[in-house]
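Step one of this worksheet: look at the structure below.
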Amino acid sequence: MTIPLPRSSRIYAFLLALYPADLRRNYGPEMALVFAEHLVAARREHGLRGVARVWRQTIGEFLRLALPGCLSNSAVRVPAIASLVILTSLIAALTPRGAPDPLIAFAAAILPTSNLPIIALLCMWACRGRAVDSLHLTPTAPPPSPE
Amino acid sequence: MPPPDQPLPPAVFWILFALAGGDNHGYAIMREIRELSEGQFEMGPATLYTNIQRLVVSQWVTEVPGPEDRDPRRRYYRITETGKTAFHREMSRMESLVRKSKALRLWPAESKS
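From first to last, the protein sequence lines are chains A and B.
With positions in the first sequence counted from 1, the corresponding number in this note's numbering is that position plus 34.
With positions in the second sequence counted from 1, the corresponding number in this note's numbering is that position plus 146.
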């Protein structure tokens, strides 16, 4: 089933929010416009296969360009790791007793769900005063004025 | 941007190639790249604008007003003299590689004969 185009654009807008802030600020609306045009053209020319190809490319770009930037920022990394650990310990808590996965059992042992407030405080401490902005561009000269 | 003696990254090369033919907006650059590369190289909006941002910062590409009847949501880009120099240097490097490979009879058409 094809994802309707407005929904695709909404999903892309969500992904866009995770790209580096300077890229989003300078080119976000254009990126969303180009994505929508690219998707419409792909659907017109190749149907479902074209839409799938655009999404594969989009996810590839997201993993290559947005994710490293997100994970290099502790404001994102710490909550992401904490969520993963909490999820693991919840799964462990809900898994029937027997022979649990050793990794899950270890996570459950060191981080029981009763530690959630401590994890939340740690996340808030890690996030204080930080923003996601990580294209690592060199200091810039002002762009030349349009001719 | 890479030092002058280093090859250009493929995305940078294709964007400069697409803009060497004239000013264009983002989506037209993407389509032009697909045509120029005969479908061998495609890029999505994130790759395109990440590289356009770097090219603008390096002053290899600049933003221009575009035609009067343009869609106001679009921005137009133009290759600068610095960008043209880098593009021509890359083309010369490629030409030199082809020439050398032909001289050494490593060029596919000649190596078969």
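Idealized CB from N, CA, C, for every residue including glycine.
Which of the three DSSP states, helix, strand or coil, is assigned to residue 208 of chain B?
strand
Cβ-based neighbour list, residue 158 of chain B, same chain, cut-off 6 Å, excluding 5 preceding and 5 following:
197
Opening and closing residue of the alpha helix (DSSP H) in which residue 180 of chain B lies:
172-182
Nearest to residue 70 of chain A (by Cα), restricted to the options A:60, A:114, A:47, A:115
A:47
Quick check on residue 164 of chain B: buried or exposed, where buried means 16 or more other Cβ atoms within 10 Å of its Cβ?
buried
Going by DSSP, what residues sit across from residue 225 of chain B in a beta bridge?
B:207
Buried or exposed: which applies to residue 177 of chain A, given that a residue is buried once 16 or more other Cβ atoms fall within 10 Å of its Cβ?
In this prediction, residue 177 of chain A has a pLDDT of 45, which is less than 50 and means its spatial position is unreliable; what the coordinates show is noted afterwards. So residue 177 of chain A ends up on the exposed side.
Relative to chain B, which residues along the region 54-71 of chain A have a C-beta separation below 7 Å, given in chain order?
57, 60, 61, 63, 64, 65, 67, 68, 69, 71
Shortest alpha-carbon distance to residue 288 of chain B belongs to which of B:152, B:155, B:166?
As shown, chain B starts at 147 and ends at 259. That puts residue 288 of chain B outside it, with no answer to give.
If we cut at 8 Å on Cβ distances, does residue 95 of chain A have a partner in chain B?
yes
Quick check on residue 99 of chain A - is its C-beta less than 8 Å from some C-beta in chain B?
yes
In whole angstroms, what is the alpha-carbon distance linking residue 51 of chain A and residue 248 of chain B?
49 Å
Check the Cβ-Cβ distances between residue 176 of chain B and every residue of chain A, and say whether any is below 8 Å.
yes
Determine, for residue 199 of chain B, whether the minimum Cβ-Cβ distance to residues of chain A falls below 8 Å.
yes
Return helix, strand or coil for residue 214 of chain B, following the three-state DSSP convention.
coil
Can you give me the Cβ contacts of residue 193 of chain B inside the same chain, cut-off strictly under 8 Å, excluding the 5 residues immediately before and after it?
157
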